[in-house]
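Numbering (this note's numbering), first residue to last: 446 to 1000.
Encoded as structure tokens, the structure appears first; notes follow it.
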Ligand SMILES: Nc1ncnc2c1ncn2[C@@H]1O[C@H](COP(=O)(O)OP(=O)(O)OP(=O)(O)O)[C@@H](O)[C@H]1O
Ligand SMILES: [Zn+2]
């Protein structure tokens, strides 16, 4: 059953409603009557939490897909769990725009007033506003350090309280909310009937509600909380108070995008009740059958062994800052890429080391292939046809994987296969260093590998430290001179083998200390991130970010 109709000012295709999932209550509205949007078909099939299946991702416009991302509650340093969620969605955003030609307008709400903020501010004897500003800035710095693209706009809750009040007023006017004698306002869940529960499918029960609550029904949730002593508050038609959590995101998203939203994202813990309630609020406010079209949820970062979500309250977290002291953002990103954004992942040293060595292997291949192109790496013929064919197959496999719910695991595997194959060819060629060379195909492989990593935000080139403004270019020339001098010394020492008989042995003995000094210099410079590679007839060097390198020194 498919027919078109107008809703919320746009054209929709109404799909036949699906029955309840086995083991799920039929009381909720989960997945029922999802309306497939019309617009720009990105070519991606995305797992939509609203339908629990992969749906074609169709956004309103290719040049302005609307995406609302729940932002952080800013009361402490962000940890790797947060990093994991935002990096994974950053990867998806980059893929959407760079592979599937879809420009994203992303808005992120910053929760800068909340119980946790107030509690922490009281503990630290600072104002909630200044604490929130401090950690908001801190969060932004962490995201920048992780190379997460900033949203098109951040919107703070505290700067949109009048709009939140207006939103609540309309909900009351539409018969979906009520004010109590205590000055609280609640969303009236009963007013939604069986339309509540699109995401999770089960209406919330009375568990854990305080007996002295002034709600009509235990499942109703707060839109406006009456002011308590020592807490920040704003004036409203219902008295002084502050907004509830869910209403913030509904208001901010609606302010920017109106009654239709293409994509909504957050960690899986936000699906219920947060996103479920956002949907109820927005659809009641806009009086439309479907506000958000696609809900994307990222899996949690767990602490290995315990199976627990990394979280501040469980005190089992590693802050982003601490982590980045010893590991590069590229390694972390590759760690994220090697699992589906939807699945839970364990934070473990082993998995990070694997990501680190894959990155290192890729970079080493790119380096060697470049040296081959420059003629610094001896190499004979390459099986060009095989490599061209592999390259074409890899590109197609990457595209297909990314179109299948952003399957980065398959895409990375395909690229790594190409790297391994390219490496094997390079090695085989260097064992037989005569004959025609094949720089074009190896150049194409390098460009393609670099392009893939660049697309998903892993920059192989940034392993190389770019000199900062204060770092004199002369330092580079100096290292260049030093490496050239070392090469001369090394070649002089090695040339001793050409002398005849006893004289040769004598010379070798005499010059051995020179070779040792060259090796020692290579090791010593490695400590400073300067990596020298001795190749036949030449030496190359690069300045590496030590956080990407193996923790144990390479020989
Ligand atoms: N361990 C984790 N793994 C993946 N995502 C996480 C994890 N912890 C939080 N997130 C996600 O980070 C985003 C911001 O979360 P928020 O600021 O609400 O933190 P939080 O859930 O209160 O963190 P905590 O549980 O540590 O207090 C949300 O999308 C949330 O789902
Ligand atoms: Zn939210």
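Positions of the beta carbon are idealized from the N, C-alpha and C atoms, including for glycine.
Residue 598 (DSSP reduced to helix, strand or coil): Here the question's residue 598 lines up with position 153 in the chain shown. Reduced to three states, the DSSP call for residue 598 is strand.
Segment limits, alpha helix (DSSP H) that includes residue 568: Counting from 1 along the chain shown, the entry for residue 568 is found at position 123. Residues 560-569.
Cβ neighbour criterion (16 or more within 10 Å) applied to residue 993: Translated into the one-based positions of the chain shown, residue 993 becomes position 548. Residue 993 comes out buried.
Residue 973 CB to nearest heavy atom of ligand 3 below 8 Å: Absence of ligand 3 from the depicted structure is noted, with ligand 1 and ligand 2 being the only ligands included.
Backbone secondary structure at residue 730 - three-state DSSP: Taking the chain shown and counting its residues from 1, one reaches residue 730 at position 285. Residue state, collapsed to three classes: helix.
contact_flag[the stretch 780-790, the stretch 739-752] where n(CB pairs < 8 Å) is 3 or more: yes
Residue 687 versus residue 921 - alpha carbon distance: By 1-based counting over the chain shown, the position of residue 687 is 242. By 1-based counting over the chain shown, the position of residue 921 is 476. Residue 687 and residue 921: Cα-Cα distance of roughly 57 Å.
Test item: CB-CB of residue 880 and residue 946 under 9 Å: As a working mapping, residue 880 is identified with position 435 in the chain shown. As a working mapping, residue 946 is identified with position 501 in the chain shown. Contact flag unset, no.
For residue 511 and residue 490, the rounded distance between their alpha carbons: Looking up residue 490 in the chain shown gives position 45. Looking up residue 511 in the chain shown gives position 66. Each residue's alpha carbon lies about 17 Å from the other.
CB-CB length for residue 536 against residue 901, believed under 8 Å: To locate residue 536, count along the chain shown from 1; it is residue 91. To locate residue 901, count along the chain shown from 1; it is residue 456. Contact flag correct, Cβ pair sits at about 5 Å.
Local conformation of residue 738 per DSSP, three classes: As a first step, residue 738 is located in the chain shown; it is residue number 293 there, counting from the start. If DSSP states are grouped into helix, strand and coil, residue 738 belongs with the strands.
CA-to-CA distance, residue 513 to residue 597, given in whole angstroms: The sequence position of residue 597 within the chain shown is 152, counting from 1. The sequence position of residue 513 within the chain shown is 68, counting from 1. Rounded to whole angstroms, residue 597 to residue 513 spans 10 Å at the Cα level.
Three CB pairs or more closer than 8 Å across the stretch 519-535 and the stretch 661-673: no
Extent of the continuous alpha helix (DSSP H) run through residue 827: Numbered from its first residue, the chain shown carries residue 827 at position 382. Looking at the DSSP string, residue 827 is not in any alpha helix (DSSP H), and its letter there is neither H nor E.
Presumed contact (8 Å Cβ cut-off) between residue 695 and residue 534, rounded CB distance: Translated into the one-based positions of the chain shown, residue 695 becomes position 250. Translated into the one-based positions of the chain shown, residue 534 becomes position 89. Not quite, the Cβ-Cβ distance comes to about 20 Å (not below 8 Å), so this is no contact.
Cβ neighbour criterion (16 or more within 10 Å) applied to residue 646: The sequence position of residue 646 within the chain shown is 201, counting from 1. When all chains shown are included, residue 646 counts as buried.
Counted within 10 angstroms of its Cβ, other Cβ atoms place residue 517 as buried (16 or more) or exposed: Here residue 517 refers to the residue found at position 72 of the chain shown. Buried is the call here.
Separation of residue 734 from residue 481, as counted between CA atoms: Taking the chain shown and counting its residues from 1, the one referred to as residue 481 is at position 36. Taking the chain shown and counting its residues from 1, the one referred to as residue 734 is at position 289. Roughly 12 Å between the two C-alpha positions.
For residue 820 and residue 575, the rounded distance between their alpha carbons: By 1-based counting over the chain shown, the position of residue 575 is 130. By 1-based counting over the chain shown, the position of residue 820 is 375. Taking the straight line joining both Cα atoms gives about 58 Å.
Ligand 1 heavy atom lying under 8 Å from the CB of residue 513: The residue labelled residue 513 in the question sits at position 68 within the chain shown. No, Cβ of residue 513 sits at least 8 Å from all heavy atoms of ligand 1.
CA-to-CA distance, residue 722 to residue 715, given in whole angstroms: Here the question's residue 715 lines up with position 270 in the chain shown. Here the question's residue 722 lines up with position 277 in the chain shown. Cα-Cα distance, rounded: 10 Å.
Proximity of residue 740 and residue 493 at Cβ, strictly below 9 Å: Position 295 of the chain shown, counted from the first residue, corresponds to residue 740. Position 48 of the chain shown, counted from the first residue, corresponds to residue 493. Yes; because the gap between Cβ atoms is below 9 Å, this pair is in contact.
Residue from 548, 764 and 812 whose Cα sits closest to the Cα of residue 584: Translated into positions along the chain shown, residue 584 becomes position 139. Ranking the options by Cα distance to residue 584, first place goes to 764.
Sufficient close CB pairs (3 or more, under 8 Å) joining the stretch 856-876 to the stretch 889-904: yes
Cβ-Cβ distance between residue 725 and residue 689 below 9 Å: Within the chain shown, numbered from 1, the residue matching residue 725 stands at position 280. Within the chain shown, numbered from 1, the residue matching residue 689 stands at position 244. Not in contact: residue 725 and residue 689 (Cβ atoms no closer than 9 Å).
Coarse secondary structure for residue 550, derived from DSSP in three states: On the chain shown, residue 550 is found 105 positions in, with the first residue counted as 1. Looking at residue 550 - three-state DSSP - the assignment turns out to be strand.
Supposed close pair residue 581, residue 560 - CB separation, criterion 8 Å: Looking up residue 581 in the chain shown gives position 136. Looking up residue 560 in the chain shown gives position 115. So it is not a contact: roughly 17 Å between Cβ atoms.
Burial state of residue 933 (16 or more Cβ within 10 Å): Against the chain shown, residue 933 aligns to sequence position 488. Burial call: exposed.
Rounded straight-line distance, which links the Cα of residue 485 to that of residue 915: Taking the first residue of the chain shown as position 1, residue 915 is located at position 470. Taking the first residue of the chain shown as position 1, residue 485 is located at position 40. Confidence at residue 915 is low in this model, with a pLDDT of 48, below 50, so its placement is unreliable and the value that follows should be read with caution. For residue 915 and residue 485, the distance between alpha carbons rounds to 47 Å.
Residue 690, DSSP secondary structure in three states: The sequence position of residue 690 within the chain shown is 245, counting from 1. If DSSP states are grouped into helix, strand and coil, residue 690 belongs with the helices.
Validate contact between the stretch 867-874 and the stretch 801-817 using beta carbons, cut 8 Å, 3 pairs: yes
Cβ distance (whole Å) where residue 605 is taken to contact residue 697 below 8 Å: Walking along the chain shown from the start, residue 605 turns up at place 160. Walking along the chain shown from the start, residue 697 turns up at place 252. Indeed they touch by this definition, with Cβ atoms about 6 Å apart.
Reference residue 433, options 926, 771, 818 and 850, closest by Cα: For the chain, the structure presents residues 446 to 1000; residue 433 sits outside this window and is missing.
Test item: CB-CB of residue 924 and residue 836 under 9 Å: Numbered from 1 along the chain shown, position 479 holds the residue referred to as residue 924. Numbered from 1 along the chain shown, position 391 holds the residue referred to as residue 836. No. Outside cutoff.
Beta-carbon proximity check, residue 531 vs residue 588, cutoff 9 Å: Here residue 531 is taken as the residue at index 86 of the chain shown, counted from 1. Here residue 588 is taken as the residue at index 143 of the chain shown, counted from 1. Result yes, Cβ atoms of residue 531 and residue 588 sit closer than 9 Å.
Same chain, Cβ closer than 6 Å to residue 499, neighbours up to 5 away in sequence not counted: Translated into positions along the chain shown, residue 499 becomes position 54. Here the set comprises 490, 492 and 850.
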